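Reviewing the structure listed below.
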Amino acid sequence: VSHNMKKILLIIPILLILFSCQKKYSEKEEVESTLKSIFENFDNPNFESFKKISTERVYCKSCFENKNLTEEHYKIDREHFFKKFIQIIPELYIYKEGKKSTELKIVNENNNWSDITAYLIILKKGELEKNHKGERLGIYLKRENRQLKFTGIELIP
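Using my numbering, the letters of the sequence shown map in sequence onto residues 1095 to 1251.
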């Protein structure tokens, strides 16, 4: 193998690592920017703005008392979600604490409901007490026309 070929073979893995790190960094920035827009809209509701940052249907299991329904039941029309729930959610403890969280976990899901779930960690597993499962604010995001949009919220006690 020639000297130039050795250089190329050495450079390729380094470039691959650099590009993959850049993608993750850009994805984190995009998620953080999207979350900022979502929180701004929840704190100062405006339906025209909400339409721009959300999908037509929104998943919100936390919006219903009955947690034993089918998953489809928790997917509600964007306008109904906005009118009925957008002013209630910012008053909830988990939302307030999640918004202040500095620990963000991004999970790529790539399913028909969401592409990314952003978990804002409030309490880690076992942090409060030994068997405590932790608390998270989960924000579901779906890519539409190359833009991440709000597609659901989960308040996970």
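Heads up, the beta-carbon is just placed ideally off N, CA and C, and yes, glycines get one too. Model, not experiment: these values are computed from the prediction.
First through last residue of the beta strand (DSSP E) which encompasses residue i
i, result
"residue 1213", "1210–1217"
"residue 1245", "1241–1250"
"residue 1206", "Where residue 1206 is concerned, there is no enclosing beta strand (DSSP E), given that its DSSP letter is neither H nor E."
"residue 1180", "That residue, residue 1180, is in no beta strand (DSSP E); it is neither H nor E in DSSP."
"residue 1229", "1229–1238"
Distance between residue j and residue i (C-alpha atoms, nearest Å)
i, j, result
"residue 1243", "residue 1099", "45 Å"
"residue 1148", "residue 1217", "27 Å"
"residue 1139", "residue 1177", "10 Å"
"residue 1192", "residue 1102", "46 Å"
"residue 1170", "residue 1120", "30 Å"
"residue 1126", "residue 1164", "30 Å"
"residue 1213", "residue 1190", "14 Å"
"residue 1230", "residue 1175", "21 Å"
"residue 1202", "residue 1158", "26 Å"
"residue 1196", "residue 1124", "16 Å"
"residue 1161", "residue 1188", "17 Å"
Where residue i falls: helix, strand or coil (DSSP)
i, result
"residue 1035", "Only positions 1095 to 1251 of the chain appear in this structure, which leaves residue 1035 out of reach."
"residue 1104", "helix"
"residue 1172", "helix"
"residue 1129", "helix"
"residue 1197", "coil"
Proximity of residue i and residue j at Cβ, strictly below 9 Å
i, j, result
"residue 1182", "residue 1135", "no"
"residue 1209", "residue 1240", "no"
"residue 1156", "residue 1247", "yes"
"residue 1215", "residue 1199", "yes"
Residue i: first and last residue of the uninterrupted alpha helix (DSSP H) it sits in
i, result
"residue 1158", "Residue 1158 -> no alpha helix (DSSP H), and no H or E assigned at all."
"residue 1142", "1141–1147"
Contact with chain D by residue i, beta-carbon distance below 9 Å
i, result
"residue 1231", "Considering every chain present, this structure includes no chain D. It has just one protein chain."
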